[in-house]
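Sequence lines, in order, name chains A and B. Each residue of the first sequence is one higher than the one before, starting from 1 at the first, in my numbering. Each residue of the second sequence is one higher than the one before, starting from 237 at the first, in my numbering. Virtual Cβ for every residue (Gly too), placed ideally from N, Cα, C. Okay, so here's the structure we're looking at.
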Amino acid sequence: MTAAPLLVAESIGKTFGTRRVLNSASLWVRSGVITVVVGRNGEGKSTLLKIAAGVLRPDFGTVRYREEHFGRARLANLASKGVFFLPEHPLLCTSFTVRDHLMMIQRRFGGGGAADTAVESLEIGELLDRSPKTLSLGERRRADIALAVARRPDCLLADEPFLRITPKDAEAVADVFRALATAGCAIALTGHEVPMLFDVADEVSWMTAGTTHPLGSPDNAREHHQFGREYLGIGL
Amino acid sequence: MALPPGEFIRAILFRGLVIWFGMKLVVTAGAAALRQSGETESWLRVLQLTPSAVLLLTGFVTWLVIIDAGRRNELLFLANLGVARYVIGSLAAVPSITCEIIIGLM
Numbered sequence: 001m002t003a004a005p006l007l008v009a010e011s012i013g014k015t016f017g018t019r020r021v022l023n024s025a026s027l028w029v030r031s032g033v034i035t036v037v038v039g040r041n042g043e044g045k046s047t048l049l050k051i052a053a054g055v056l057r058p059d060f061g062t063v064r065y066r067e068e069h070f071g072r073a074r075l076a077n078l079a080s081k082g083v084f085f086l087p088e089h090p091l092l093c094t095s096f097t098v099r100d101h102l103m104m105i106q107r108r109f110g111g112g113g114a115a116d117t118a119v120e121s122l123e124i125g126e127l128l129d130r131s132p133k134t135l136s137l138g139e140r141r142r143a144d145i146a147l148a149v150a151r152r153p154d155c156l157l158a159d160e161p162f163l164r165i166t167p168k169d170a171e172a173v174a175d176v177f178r179a180l181a182t183a184g185c186a187i188a189l190t191g192h193e194v195p196m197l198f199d200v201a202d203e204v205s206w207m208t209a210g211t212t213h214p215l216g217s218p219d220n221a222r223e224h225h226q227f228g229r230e231y232l233g234i235g236l
Numbered sequence: 237m238a239l240p241p242g243e244f245i246r247a248i249l250f251r252g253l254v255i256w257f258g259m260k261l262v263v264t265a266g267a268a269a270l271r272q273s274g275e276t277e278s279w280l281r282v283l284q285l286t287p288s289a290v291l292l293l294t295g296f297v298t299w300l301v302i303i304d305a306g307r308r309n310e311l312l313f314l315a316n317l318g319v320a321r322y323v324i325g326s327l328a329a330v331p332s333i334t335c336e337i338i339i340g341l342m
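Here it is, written out as structure tokens:
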């Protein structure tokens, strides 16, 4: 039996200027399940994730979290109920060290040894006392993910988490996501790194023409003819 | 309503104070320059603003503090800590309102 979704963004529409980016797109994020949203650039993956996280306001559609309807979802409100949003651009503030960020999250939400676990598994121990300004983009990304782990969220929405991550570090990041999902966290990821994303995914959703198409498991997605032809480039 | 961590509260208040001070210098210099020569208004009278000017100045200071916080990636991090933007704006307005009240009472 499929678990009820923890976070639902349903029938979402969004227009920027004269360009309609989302046209009745939906996202269901279930506890203990990693849902991966893939699609070509500009199809609206990040926009959908931002709307689900309460960072952007939809033109139409609803966001539900733990069965509570949000006419206007806001990240601060959702975050206090267990959501963590990892944007595509760096999350770390330039005024504080990585350690400061982890301490602030730990003081606000507790989390026991989650921060230590994150530091160890993502190998960011030597980055802790450095300012984010001095970190490479890949190091910043790993530190951003460490913040998400330290938060121990009930629902994690991560936009392009594998961006600029080396293959070795990507394996550590994938392990971190798997561990979070095993602990019951509902996870939605976007990106273009199909091998890595499909490796961690339980469910795949394909975004095209402003709407989402649930494709089931990664194996099912690979066998989907239209998805294979139009996104993976198989059989061209 | 969640407040930001202490580190952020101190930083936001300090930035609000610095920006208010800079704006106040500009406004005061402008007001002094516009005075008719020969007027004998006291320097305190030049510093004191009307209530609507105080609101306008405070709004501008708040806006600049929020823009600066966005530039430093702080808004999204604080939102992930459950801190709403209006809380940051309210904190940013505190130094401006406090200083203007003190000047008004002098």
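For residue 60(A), the enclosing beta strand (DSSP E) has its first and last residue at 60 to 65. Less than 8 Å separates the beta-carbon of residue 330(B) from that of residue 249(B). Excluding five sequence positions before and after residue 158(A), the CB atoms of its chain that fall closer than 6 Å to its own CB belong to 86, 189, given in chain order. At the C-beta level, residue 155(A) and residue 38(A) stay beyond 8 Å of one another. Using a Cβ distance threshold of 8 Å, residue 76(A) and residue 320(B) count as a contacting pair. Identification of residues in the segment 241 to 264 of chain B having a C-beta nearer than 7 Å to some C-beta of chain A yields 241, 243, 247, given in sequence order. Residue state for residue 162(A) is assigned as coil, using DSSP reduced to three classes. Short of 7 Å from the beta carbon of residue 340(B), and not among the five residues preceding or following it, lie these beta carbons of its own chain, in chain order: 284. Looking at the DSSP output, residue 299(B) sits in no beta bridge, so it has no partner there.
Among the CB atoms of chain B, one or more fall inside 8 Å of the CB of residue 87(A). In this structure, DSSP gives residue 281(B) a helical state, which the three-state scheme calls helix. Against chain B, a Cβ distance below 7 Å from residue 96(A) picks out 243. Around the C-beta of residue 212(A), 16 or more other C-beta atoms lie within 10 Å, and the residue is accordingly described as buried. For the set 69(A), 108(A), 67(A), the Cα lying nearest the Cα of residue 317(B) is the one of 108(A).
Taking C-beta atoms as the reference points, residue 311(B) and residue 91(A) fail to come closer than 8 Å. DSSP, reduced to helix, strand and coil, places residue 155(A) within a strand of the structure shown.
When the alpha-carbon of residue 150(A) is set against those of 197(A), 164(A), 161(A), 99(A), the nearest one is in 99(A). Under DSSP, residue 212(A) takes part in a beta bridge, and its partners are 207(A). Residue-level contact check: residue 90(A) touches chain B, since one or more beta carbons of chain B fall below 8 Å from its beta carbon. Per DSSP, the beta bridge partners of residue 25(A) are 12(A). Neighbours of residue 308(B) in chain A, taken as residues at a C-beta separation under 8 Å, are given in chain order as 93, 94, 95.
For a cut-off of 8 Å, the C-beta gap from residue 216(A) to residue 204(A) is around 7 Å, short enough to register as a contact.
At the C-beta level, residue 29(A) and residue 6(A) come within 8 Å of one another.
Secondary structure of residue 73(A) (DSSP, three-state): coil. Classified as exposed, residue 125(A) has fewer than 16 neighbouring CB atoms from the shown chains inside 10 Å of its CB. Listed along chain B, the residues sitting closer than 8 Å to residue 80(A) by beta-carbon distance are 238, 318. By the rule that beta-carbons nearer than 8 Å mark a contact, residue 73(A) does not touch chain B. By the Cβ neighbour-count rule, residue 220(A) is exposed, with fewer than 16 other Cβ atoms within 10 Å of its own. At least 8 Å separates the beta-carbon of residue 255(B) from that of residue 327(B). At a cut-off of 8 Å between beta-carbon atoms, residue 177(A) makes no contact with chain B.
Between residue 104(A) and the set 196(A), 43(A), 146(A), the nearest pair of CA atoms involves 146(A).
Residue range 242 to 270 is occupied by the alpha helix (DSSP H) that includes residue 268(B). When C-alpha distances from residue 186(A) are compared across 152(A), 130(A), 55(A), the shortest belongs to 152(A). For residue 187(A), the enclosing beta strand (DSSP E) stretches over residues 186 to 190. About 10 Å separates the beta carbons of residue 133(A) and residue 97(A), which is beyond the 8 Å limit, so they are not a contact pair. Within 10 angstroms of the beta-carbon of residue 115(A) lie 16 or more other beta-carbons, which makes it buried.
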